[in-house]
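Visitor: After the structure tokens below, expect a handful of questions from me.
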Amino acid sequence: MRWEKPTAIQALSIPPALEGRNLVALAETGSGKTGAYALPIIQKLLDSPHPFFALILAPTRELAAQVHAQFVALGKAIGLRAILLVGGIPITQQADQMRISPPHVLIATPGRLLDHLKKTKGFDELKFANLRFLVIDEADRMLGSDFDSVLERILCLLPTDRQTFLFSATMTEKVGKLQRASIRDPVRVSTRKSKFQTVTNLRQYVQLVPQVELDTYLVYLLRVALCSNLSAPGLDMLRLQQAKPTAEETESETDWADLK
Numbered sequence: 001m002r003w004e005k006p007t008a009i010q011a012l013s014i015p016p017a018l019e020g021r022n023l024v025a026l027a028e029t030g031s032g033k034t035g036a037y038a039l040p041i042i043q044k045l046l047d048s049p050h051p052f053f054a055l056i057l058a059p060t061r062e063l064a065a066q067v068h069a070q071f072v073a074l075g076k077a078i079g080l081r082a083i084l085l086v087g088g089i090p091i092t093q094q095a096d097q098m099r100i101s102p103p104h105v106l107i108a109t110p111g112r113l114l115d116h117l118k119k120t121k122g123f124d125e126l127k128f129a130n131l132r133f134l135v136i137d138e139a140d141r142m143l144g145s146d147f148d149s150v151l152e153r154i155l156c157l158l159p160t161d162r163q164t165f166l167f168s169a170t171m172t173e174k175v176g177k178l179q180r181a182s183i184r185d186p187v188r189v190s191t192r193k194s195k196f197q198t199v200t201n202l203r204q205y206v207q208l209v210p211q212v213e214l215d216t217y218l219v220y221l222l223r224v225a226l227c228s229n230l231s232a233p234g235l236d237m238l239r240l241q242q243a244k245p246t247a248e249e250t251e252s253e254t255d256w257a258d259l260k
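Just so you know, UniProt numbering puts 140 at position 140 of the sequence shown, and the rest follows in order with no gaps.
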């Protein structure tokens, strides 16, 4: 993966994570935060490998797919089994995959995970009895009015004797409330120096486009930027909706990126 040295958030997060501490980490998207929690989880998995070892919750299908890809790449040498639980893939197909090859790491959107807990035979809180790690990634994006109840229902089913990592770009009131309710005595780390800070390696481009070609460029960018990211884990392309999903749709699929 061409990693030569840890990023700032990795250097701050990995040592306390390996010591068994809970984490609340503030870091921008693109700062290497996936590695900050994936590497300690994989290291601990080597010491005590068993299915349903870690659960990573992400707010969108695209982010979940990226996290899944990194776990697969980082854990390839040790035979790590990771599964992606998001909308767009038949729930029965995911259930069959878990039954045939129980995963060490589950990367899921809250809505699809809750769907499995409701509908998949044998997939219940007992499966998570030996869960060692819970990661809530991009918590500030996950905690909206449509997400709170889903996340609360999931947290109630998980064992309390676990390590919990909460990663967020900002510390909102709701993120703080979640942290106080679900994480005991966490180590707090942050790479943010200001409210409006962005990652230093962020690249921004401006492309001047004739008015008559705007639609053409939009379709091209969606194909390159969105389809390529989502097709890697075998997902079908989605229809994009202009309207915000309803609470019922969000509970089922969590975010527009999970709508079938």
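Just so it is clear, CB atoms sit at the ideal spot from N, CA and C, and this is done for glycine as well.
Here the structure is a predicted model, which is why all the values come from computation and not from measurement.
For Leu84, which residues in the same chain have their Cβ closer than 7 Å to its Cβ, ignoring the five residues on either side in sequence?
Guide: Looking up residue 84 in the sequence shown gives position 84. Here the set comprises Ala64, Ala65, His68, Ile107, Pro233.
Visitor: Alpha carbon to alpha carbon, what distance is there between Leu80 and Thr51?
Guide: Along the sequence shown, read from residue 1 onward, the residue named residue 51 stands at position 51. Along the sequence shown, read from residue 1 onward, the residue named residue 80 stands at position 80. Sequence inspection shows Pro at residue 51; the Thr mentioned does not correspond to that position. Roughly 10 Å separates the two Cα atoms.
Visitor: Taking buried to mean at least 16 other C-beta atoms within 10 Å of its own C-beta, is Tyr220 buried or exposed?
Guide: For the purposes of this step, residue 220 is taken as residue 220 along the sequence shown, with counting starting at 1. Exposed, since its Cβ has fewer than 16 Cβ neighbours within 10 Å.
Visitor: In chain order, which alpha helix (DSSP H) runs of at least 4 residues are fully inside the region 72-150?
Guide: 91-100, 110-119, 139-142
Visitor: Enumerated in chain order, which unbroken segments of the alpha helix (DSSP H) with a length of 4 residues or greater are wholly contained in the region 154-183?
Guide: 173-182
Visitor: Can you tell me which residues form a DSSP beta bridge with Ile56?
Guide: What you label residue 56 is simply residue 56 of the sequence shown in a count that begins at 1. DSSP, once it has assigned bridges, lists Ile107, Val135 as partnering Ile56.
Visitor: Beta strand (DSSP E) containing Ser190: first to last residue?
Guide: On the sequence shown, position 190 is the one that residue 190 refers to. It spans 187-190 - the beta strand (DSSP E) in which Ser190 sits, taken as one unbroken run.
Visitor: Helix or strand or just coil, what does DSSP make of Ala69?
Guide: For this step, residue 69 is matched to residue 69 along the sequence shown. Helix.
Visitor: Looking at Leu45 and Phe53, is the spacing between their C-beta atoms short of 7 Å?
Guide: For the purposes of this step, residue 53 is identified with residue 53 of the sequence shown, where counting begins at 1. For the purposes of this step, residue 45 is identified with residue 45 of the sequence shown, where counting begins at 1. Yes; because the gap between Cβ atoms is below 7 Å, this pair is in contact.
Visitor: Do the region 95-111 and the region 10-30 touch if we need at least three Cβ pairs shorter than 8 Å?
Guide: no
Visitor: Could you tell me which residues DSSP pairs with Leu26 in its beta bridges?
Guide: Counted from its first residue, the sequence shown places residue 26 at position 26. DSSP, once it has assigned bridges, lists Ser168, Ser190 as partnering Leu26.
Visitor: Could you spell out where the alpha helix (DSSP H) holding Val219 opens and where it closes?
Guide: Here residue 219 corresponds to residue number 219 of the sequence shown, with the count starting at 1. Note, Val219: alpha helix (DSSP H), 214-221.
Visitor: Put Ser48 into one of helix, strand or coil per three-state DSSP.
Guide: Along the sequence shown, one-based indexing puts residue 48 at 48. In this structure, Ser48 counts as coil in the three-state DSSP scheme.
Visitor: Going by CA-CA distance only, name the one from Thr60, Gly32, Met98 that's closest to residue 263.
Guide: Nothing can be reported for residue 263: it is not among the residues displayed for the chain, which extend from 1 to 260.
Visitor: Is it the case that the region 165-176 contacts the region 85-95, given that we only count it when at least three CB pairs across the two stretches are under 8 Å?
Guide: no
Visitor: Can you find a heavy atom of the ligand MG that lies under 6 Å from the Cβ of Lys193?
Guide: This structure simply doesn't include the ligand MG, nor any ligand for that matter.
Visitor: Of all the options Lys193, Leu208, Tyr217, which has the alpha carbon lying nearest to the alpha carbon of Ala8?
Guide: For the purposes of this step, residue 8 is taken as residue 8 along the sequence shown, with counting starting at 1. Considering only alpha carbons, the answer is Lys193.
Visitor: Per DSSP, what kind of secondary structure is Val224 in: helix, strand or coil?
Guide: For the purposes of this step, residue 224 is taken as residue 224 along the sequence shown, with counting starting at 1. Of the three classes helix, strand and coil, the one that applies to Val224 here is helix, per DSSP.
Visitor: Exposed or buried, which one is Glu62 when buried takes at least 16 other CB atoms within 10 Å?
Guide: Translated into positions along the sequence shown, residue 62 becomes position 62. Sixteen is the threshold: when 16 or more other Cβ atoms of the shown chains lie within 10 Å of the Cβ of Glu62, as they do, the residue is buried.
Visitor: DSSP state of Leu39, grouped into three classes?
Guide: As a first step, residue 39 must be located in the sequence shown, where it is residue number 39. Helix at Leu39.
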